[in-house]
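As structure tokens, the structure follows; a few thoughts come after it.
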Amino acid sequence: MSDIIITGYKVRDLRFPTSLDQIGTDPMNLAGENALGVVIFSTNKGLVGSGFSFSNGQGNEVLCAGINALAPRYVGRTLSSLTENMAVTQREIVSGQIRFMSPERGVMQLACNAILNALWDLWAKSEGKPLWRLVVDFTPEEFVRCIDFRYLSDVITPESAIELLKSMEPGKKERLEKALKNQAVPGYNTSVGWLGFSDEEVEAKLRQALDAGFKHFKLKVGLGLESDRRRLGMIRKVAGDKAILMTDVNQLWDVDQAIEYMPHLADLGLWFIEEPTSPDDILGHAKIRKALKPYGIGVATGEHVNNRVMFKQLLQAEALDAVQLDAMRLCGINEILAVLLMSAKYGIPVIPHSGGAGMTELCAHVSTLDFVSISGKALLEYVDHLHEKFEQPASMTPEGFYTSPTIPGYSGDIKEEAFTEFEYPSGSFWKTEQGLKMVNDKWRGVLGRQTS
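Using the numbering used here, the first residue of the sequence shown is number 279, and each one after it goes up by one.
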């Protein structure tokens, strides 16, 4: 591996017009386009490292600019110089003058994510393993060497992390066998419950999901109690009493609104409310969780949590019943591993957010390695759109489990045909009449302002 040298890179702006099918619609996102800022590192050995981070359409060019600002740092570097101590690689990417842009958060954090995703993809390919297996095969000491523990030592240290990993070694062989048999990570279905779907569409998609083996379902709420109760009641009736139901309001409410609203849905048997308020309001989440606990409703968040420090505080504040880290927001697998360890220490399950293009592909690795090496538990969100655009698409078994990735890498390779149609602004779709309307609508997704 020492002679693998990064020789160049390419950054691409890829935007899928998902809003045309109401995919991704929720109370905060009325018209979102699943968009990816993609970086592809080339090497002297013919291997490529592909990584991407996620945005919601407009502004993806800003993400790509951030990636372009960082990628030149890695041209001329050997892969081994980056992987021999990935904690240092993580710390270096967020360091220097670029850190002033907003340390370890915002657009530059997304750009760091894309870069590190590409480096991990390249590392796993060079070892001939899917990323999850690369990590599972680490010794506890090698695992810990991938994590920057700065700002975490009051909760977890390298020494306590090694101890935790060693405590999970009994049974690891059996958990690995389950992963190899595609029995490690059950999925929960979000595609049944986008806000823009009619009740008839929701019911039809729910029945399809039940036939596909799903037992967990999530519905977007926030349209009003009458509408929410009608939809949730229909889902409960069709799915049955044993189905696990979850709700998501995507940051719509103030803290006291969430506390007032959710008890009116408690009789429908809900596991949690996701993103009930601002993702930055750690104490607000804790207050909501405490207030809803007597009603049997938990609290989940994480898709907009920028870094390990925010997750540390959410856990310290006892604000969560589920950690929903986002594999395209944290600082790569490095920071994901830190959050997985902290969550295991606090006994809170990690159920990654994977509700957009490419997210399920990446998170299949995250949940599998969490199951085998860290927590012994797993559940992962599933959406059924755009998998066909990826060279290693996420898929489900008839029993409702994720298929464990088998191809070397981090599932970051995107088919060229996707770029031909949807690369922005040169792709064929963005030159159509509909595409040009969307391009020229500077208020797309803003209620009362959108024109396309």
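Ideal placement from N, C-alpha and C gives every residue a C-beta, glycine not left out.
Since this is a predicted model, take the numbers as computed values, not measurements.
Assign residue i to one of three DSSP states: helix, strand, or coil.
i: methionine 620; result: helix
i: tryptophan 721; result: coil
i: proline 352; result: Checking the sequence shown, residue 352 turns out to be tyrosine, not proline. Of the three classes helix, strand and coil, the one that applies to tyrosine 352 here is helix, per DSSP.
i: proline 305; result: coil
i: isoleucine 376; result: helix
i: threonine 312; result: This sequence places asparagine at residue 312; threonine is not what is there. Correct three-state label for asparagine 312: coil.
i: threonine 435; result: coil
i: methionine 446; result: coil
i: serine 320; result: strand
i: valine 470; result: coil
i: glutamate 362; result: coil
i: glutamate 701; result: strand
i: aspartate 545; result: helix
i: valine 650; result: helix
i: valine 480; result: helix
i: histidine 563; result: helix
i: phenylalanine 475; result: coil
Which stretch, first to last residue, makes up the alpha helix (DSSP H) that contains residue i?
i: methionine 637; result: 637–647
i: tyrosine 539; result: 533–539
i: leucine 603; result: No alpha helix (DSSP H) holds leucine 603; DSSP gives it neither H nor E.
i: isoleucine 692; result: From DSSP, isoleucine 692 is part of no alpha helix (DSSP H); its letter is neither H nor E.
i: aspartate 506; result: 503–517
i: aspartate 426; result: Where aspartate 426 is concerned, there is no enclosing alpha helix (DSSP H), given that its DSSP letter is neither H nor E.
i: alanine 402; result: 384–405
i: tryptophan 708; result: Neither: tryptophan 708 is in no alpha helix (DSSP H) and is coded neither H nor E.
i: valine 413; result: 409–414
From which residue to which residue does the beta strand (DSSP E) around residue i run?
i: glutamate 596; result: No beta strand (DSSP E) holds glutamate 596; DSSP gives it neither H nor E.
i: histidine 494; result: 494–498
i: phenylalanine 330; result: 326–333
i: glutamate 659; result: 658–660
i: arginine 290; result: 284–293
i: isoleucine 685; result: Careful: isoleucine 685 lies outside any beta strand (DSSP E) and carries neither H nor E.
i: tryptophan 261; result: The shown model of the chain, from 279 to 730, leaves out residue 261, and the question about it has no answer.
i: glycine 576; result: 576–579
i: isoleucine 522; result: 522–526
In terms of alpha-carbon separation, which member of the options lies closest to residue i?
i: glutamate 362; options: Arg383, Gln336, Glu419, Ala347; result: Glu419
i: aspartate 299; options: Leu664, Leu592, Tyr624, Tyr429; result: Leu664
i: glutamate 441; options: Glu452, Gln461, Arg428, Thr417; result: Thr417
i: proline 295; options: Trp708, Arg727, Asn718, Met540; result: Trp708
i: lysine 446; options: Asp648, Arg567, Pro703; result: In the sequence under discussion, the amino acid at residue 446 is methionine, which differs from the lysine named in the question. Checked all of Asp648, Arg567, Pro703; the closest Cα to methionine 446 is Asp648.
i: serine 556; options: Asp534, Gly633, Lys515, Phe492; result: Asp534
i: valine 516; options: Tyr688, Ala536, Leu546, Ala313; result: Leu546
i: valine 583; options: Val385, Ala521, Met540; result: Val385
i: phenylalanine 319; options: Val340, Arg290, Pro436, Pro305; result: Arg290
i: aspartate 432; options: Arg586, Ile566, Thr367, Ile560; result: Arg586
i: isoleucine 575; options: Pro464, Asp599, Asp559; result: Asp599
i: cysteine 342; options: Ala313, Lys571, Cys641; result: Ala313
i: alanine 347; options: Tyr688, Ile551, Asp281, Val317; result: Val317
i: isoleucine 611; options: Tyr688, Ala569, Thr681, Met674; result: Tyr688
i: isoleucine 522; options: Ile614, Ser333, Leu548, Leu473; result: Leu548
Can a CB atom of chain D be found closer than 8 angstroms to the CB of residue i?
i: histidine 582; result: In the structure shown, chain D cannot be found, because there is only a single protein chain.
What's the call for residue i, buried or exposed, on a 16-neighbour Cβ count within 10 Å?
i: alanine 544; result: exposed
i: tryptophan 531; result: buried
i: serine 469; result: buried
i: glutamine 368; result: buried
i: histidine 256; result: Because the chain in this structure spans residues 279 to 730, residue 256 falls outside the shown range and cannot be described.
i: phenylalanine 234; result: Past the boundaries of the shown model lies residue 234; the chain is included only from 279 to 730, so the question cannot be answered.
i: glutamine 712; result: exposed
i: aspartate 426; result: buried
i: aspartate 489; result: exposed
i: valine 724; result: exposed
Contact between the stretch 454–461 and the stretch 474–494: three or more CB pairs below 8 angstroms?
no
Take every Cβ of the stretch 685–696, pair it with every Cβ of the stretch 657–674, and state whether three or more of those distances are shorter than 8 angstroms.
yes
For the pair the stretch 406–421 and the stretch 339–359, tell me if three or more CB-CB distances fall below 8 angstroms.
no
Is the stretch 328–336 in contact with the stretch 392–406, if contact means three or more CB pairs nearer than 8 angstroms?
yes
Is the stretch 613–631 in contact with the stretch 643–659, if contact means three or more CB pairs nearer than 8 angstroms?
yes
Counting Cβ pairs, one atom from each stretch, are 3 or more of them under 8 angstroms apart for the stretch 305–313 and the stretch 370–387?
no
Under 8 angstroms: do the stretch 487–500 and the stretch 516–528 share three or more Cβ pairs, one atom per stretch?
yes
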